[in-house]
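Asker: My structure is below; once you've seen it, I'll send some questions.
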Amino acid sequence: MTKKTPPIDLNQFNESNLNNLISQLNRIYSTSNLLVLDPILSPLINSLTTFSIIKENGHCQNVTWLNDELSELPSSVLSKYSSLIILIPESDDNLHKLEKSIRHIQQENPGLKFNIIVKDLTKSFVYQLNKLFNGIFDFEKILALPEPLKRLSITSKIKLFNWSTEPLYTDGILITETNSFSALDDYYSRPIKSINQLNKAVLDVLFMGIKDNEEEHKHLFKLRNIFGKGNHSELLIKTLLQAQMPSFLNEHMSPSEIEFYEDKLHSNTDLVVIERNLDMMPVLFSQLTYHGIIDDLFGIEFESIVNLKDDTVSKSLSKDELYNQDLKHLNFSAIGSRLNKMAKLIQQKFKDSGNSGDTNLDDMKTLVSNLGSLTLQQDLVKKHTVIGESVLARINNEYEKFLTLQNDIFEMDYKLQMSKLKSFINANYQIEFIWPTILLIGYINDGISSKDLEKISTDLQDNYGLTAAIALEKLVDLKLIRVINDSSNDFFTSLGWGTSQKKHQAAATHNLHEDDSEVAITGGKDVLKSNYTLINKFWNLHPYEDEVVETTPAKQDSTNLVQQYPNPSFTLPGNTVPLTFRIIESLYFRDFLKYKPVNNIKSRPNWDNLGLNTMLAGKTVDMNLDNVNDDKSKYLIIVIIGGITRSELTCLKYLEERLKARGTPKEIIVISNGIIKNQNIWQYITQ
């Protein structure tokens, strides 16, 4: 008899992460401890448990931050504790803080012990800490340490603990990184770290039903099709198939179990791997969805609103059914009327819920009735009314003008775009509005002339200081701005950044060998081979107005995105659909290809005849692992290297609903290094 497949519960990763943390705390036997925490981990820990649980298991009397003030604590305060429990992620900044704080404290209180719990401790970090504090390990001993790393005593007073984590489940997505840049810095400076994290996360998901302490394995996933675009995508897939999966199978399964898995188990999962440099536009734009605009203006960390000042409502969104079932993915313009209708429904207490015959209105009534008691329903509507009003209060004149520019920029010529940019700079608009304007102009026009860039650099320095001009150079270094050489005497050309537009296009036709010299070095790569106009038209990135069907009031009341919106262009300004999404969508649907329709003549998903390699640099992967020629995979795992935006998350939700409506439903599981937004880029280039 075939056993029913258990439901996929991705929250089990968070439970495992909490158990692993508590396990490390329980290995510390001293009492009267002081917990020292890196603030970057605070939202994560709050999402996993309460600090009272952490303090109880770590026998911690008090909590403080790992900052400069720690190194200034007087001896009278430190003498109250037998040890410090320091909980941190790996970073160069934390190395400096540890060195400064521990050296100071050791002088003030020589007997104090330090228990350092490091999230996903690596041998390189052990080596650095060991070197800083003249530890007992030499290079060969550290290299020989078995993985995952166990508790280590690098000196008589300093012990290291490894908080080993699985992917973190938040906002309906699995993420691998918690730093302030949402791992965008890793993608540009050390992409191999991003790839390794994602490989581990994919492996954790594929084999989440395989437990060493259980007699029977639960095979939840088996790969059927694998698709990838981008050199780092190809590297991730190759590493997964040739190293990670064989190693896991050999370690956790017997030969007979491996034979069953490889030869007899039915495949049920598609894997799609996409690289961030294929499309940076979603990162540049302001977000227009409800969760996107909240994140832009207030910040969302582990499903909790960070900087919302109103204390009358809960900041938590994780168990908010109204938010998660309905409001989250809507365009913000629909939120006000939505809440008003819900308030009326609650007030009427479903008096008219009888035989209206309006199934979509019944959707809303069902949603409201599922929110719990009348008091809870009223509280949720009030909460989101407050949040919506707070959003409107934050949208000032500058923000409105910037949003208008984002909507209109695709209809402007180059001269008008540059004029708008200059007016923004001269009016001293906040720098966060200047960067995306520069980058959008560059993308739309296939680059910016070196002369114009030199003028922009001068204007930035005059209005925002030297750091802004240096940040502009960094954007060019990261290949986020293509420099068009129109003079051999200007500043940017003298730095070797100029590139002839004609030469670039000529090189695009040469596709015999993909340049992969930057693989594992940086994700900063100019991948557009065709001009933006052609890519825009072919992939229908700005759907024509005649394609937009007027939605009826009944459809507007539906809780289904596909019924509310005729296409996924509602998440970004300028009626924009992310190219990353179009590339994924084209595996399953091609009806959006209006400029040059290309039918899918195969039964299985594929990118055939779409000219992917002609338009975009980077290797392409299309693998049919199980030789199955249908589109009946139950699961679709989507991996985005370098971070995913909230607009793309909503588009993938839209795709999931389209697949269900067509009768080929797939549960989409998204894995990325982090949820990113434009602030992450600006923080990175100006750090």
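So for the sequence shown, the working numbering puts the first residue at 400; every next one is plus one. Glycine included, C-beta positions come from ideal geometry on N, C-alpha and C. None of the values given here were measured: they were computed from a predicted structure.
(1) Report the three-state DSSP secondary structure of G973 (helix, strand or coil).
(2) If you drop the 5 nearest sequence neighbours on each side, which residues of the same chain put their C-beta closer than 6 Å to that of N706?
(3) Identify, in the order they occur along the chain, each residue of the same chain with its Cβ nearer than 6 Å to the Cβ of P835, setting aside the five sequence neighbours on each side.
(4) Considering only their Cβ atoms, is the gap separating V462 from L440 smaller than 9 Å?
(5) Determine the direct distance from the alpha carbon of D990 to that of D437, and round the result to whole angstroms.
(6) Thinking just about the alpha-carbon of each residue, which of S653, T932, L729 and T564 is nearest to the one in L447?
(7) What do you get for V476, buried or exposed, if any count of 16 or more other CB atoms within 10 angstroms of its CB means buried?
(8) Would you mind reading off the limits of the beta strand (DSSP E) that contains L791?
(9) As a quick exercise: from I1074, K479, P473 and I485, pick the residue whose alpha carbon is nearest that of E453.
(10) Could you tell me the distance, in whole angstroms, from the CA atom of G841 to the CA atom of R881?
(11) Among residues of its own chain, excluding the 5 on either side of S899, which ones have a beta-carbon nearer than 8 Å to its beta-carbon?
(12) What are the boundary residues of the beta strand (DSSP E) that D861 is part of?
(13) Pick helix, strand or coil for S1071, following the three-state DSSP scheme.
(14) One question on the structure: do L820 and I837 come within less than 9 Å of each other, judged by their Cβ atoms?
(15) Nearest to M679 by CA position, among I1039, K1065 and N533, is which residue?
(16) Applying the criterion that 16 or more other CB atoms from any shown protein chain within 10 Å of the CB defines a buried residue, is H783 buried or exposed?
(17) Of the choices P590, S481 and L619, whose alpha-carbon is the least far from that of L602?
(18) For G608, which option in L409, H631 and I421 has the closest C-alpha, if you only look at C-alpha atoms?
(19) Using 8 Å as the threshold, is the stretch 1003-1023 in touch with the stretch 589-598, meaning 3 or more CB pairs across them?
(20) When you compare each of I808, I625 and T1063 to G973 by their alpha carbons, which one comes out closest?
(21) Just to check my reading of the structure: S429 and K512 have Cβ atoms closer than 8 Å, yes? What is that Cβ distance to the nearest angstrom?
(22) Residues bridged to T1019 by DSSP?
(23) Quick one: is F538 buried, meaning 16 or more other Cβ sit within 10 Å of its Cβ, or exposed?
(24) Apart from the five residues on each side of it in sequence, which residues of its chain come closer than 7 Å, Cβ to Cβ, to Q904?
(25) Quick one: what does DSSP say P1064 is sitting in, helix, strand or coil?
(26) Would a C-beta distance cut-off of 9 Å place S685 and Q805 closer than the cut-off?
(27) State buried or exposed for T975, treating a residue as buried only when at least 16 other CB atoms are found within 10 Å of its CB.
(28) Would you check if the distance between the CB atom of K1059 and the CB atom of S632 is smaller than 9 Å?
(29) Which value, in whole angstroms, describes the spacing of the CA atoms of I1068 and K628?
(30) Taking C-alpha atoms, which residue in P509, S1002 and E576 lies nearest to E489?
(31) Whose C-beta lies closer than 8 Å to the C-beta of S451 among residues of the same chain, with five residues either side of it excluded?
(32) Does DSSP put D669 in a helix, a strand or coil?
(33) Are the CB atoms of I1074 and D694 nearer to each other than 9 Å?
(34) Opposite L551 in the DSSP bridges: which residues?
(35) Output the distance between the C-alpha atoms of P977 and S713, rounded to the nearest integer angstrom.
Answerer: According to the structure data:
(1) helix
(2) F697 and G698
(3) L683 and N1077
(4) no
(5) 49 Å
(6) T564
(7) Exposed, because fewer than 16 other Cβ atoms sit within 10 Å of the Cβ of V476.
(8) Element bounds for L791: not the beta strand (DSSP E) but the alpha helix (DSSP H), L773 to R793.
(9) According to the sequence displayed, residue 453 carries Ile and not Glu. Closest by alpha carbon: I485.
(10) 7 Å
(11) The predicted model places S899 with a pLDDT of 46, which falls under 50 and marks its position as unreliable, so this point remains unresolved.
(12) No beta strand (DSSP E) holds D861; the alpha helix (DSSP H) holding it covers S849 to Y863.
(13) strand
(14) Taking 9 Å as the Cβ cut-off, L820 and I837 qualify as a contacting pair.
(15) I1039
(16) buried
(17) Out of P590, S481 and L619, L619 has the C-alpha closest to the C-alpha of L602.
(18) Of the listed residues, the one whose Cα sits closest to G608 is L409.
(19) no
(20) I808
(21) 6 Å
(22) K628
(23) exposed
(24) Because Q904 carries a pLDDT of 42, less than 50, the predicted location of this residue cannot be relied on, and the following value inherits that uncertainty. Excluding residues within five positions, none has a Cβ falling inside 7 Å.
(25) coil
(26) Against a cut-off of 9 Å, the Cβ pair of Q805 and S685 comes out as a contact.
(27) buried
(28) no
(29) Each residue's Cα considered, the two are about 18 Å apart.
(30) E576
(31) none
(32) strand
(33) yes
(34) L559
(35) Roughly 32 Å separates the two Cα atoms.
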